[in-house]
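Participant:
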Amino acid sequence: MQTAIIPTNSVANKEELKQILQSVYARLGVAYDKEATAKQARELMQKDGVRPEDNSLSCAIIAARDE
129 MQTAIIPTNS VANKEELKQI LQSVYARLGV AYDKEATAKQ ARELMQKDGV
179 RPEDNSLSCA IIAARDE
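For the sequence shown, the working numbering begins at 129 and goes up steadily by one.
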């Protein structure tokens, strides 16, 4: 898998980043929906058994940051 490297001293090309994300989404089987909302995402996660009080995502982000 090819990784895009963006220099820290330049302005990001938004169109190029958009194409990269679309490619990643396609490989992962993720459908992009402009109309999707955070509320809908929370509802879908709860239907899949994710409990908000567990803070699973926050804990995973913090653990990854601390590695």
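Ideal placement from N, C-alpha and C gives every residue a C-beta, glycine not left out.
Rounding to the nearest angstrom, what Cα-Cα distance links ALA169 and VAL139 in this structure?
Facilitator: Here residue 169 is taken as the residue at index 41 of the sequence shown, counted from 1. Here residue 139 is taken as the residue at index 11 of the sequence shown, counted from 1. Cα-Cα distance, rounded: 31 Å.
Participant: So, with DSSP's three-state summary, where would you put GLU171?
Facilitator: As a position in the sequence shown, residue 171 is number 43, starting the count at 1. Here GLU171 sits in helix by DSSP.
Participant: If you draw a straight line from the C-alpha of ARG179 to the C-alpha of ALA164, how long is it?
Facilitator: The count along the sequence shown starts at 1 and reaches residue 179 at position 51. The count along the sequence shown starts at 1 and reaches residue 164 at position 36. Using only the alpha carbons, I get a separation of about 20 Å.
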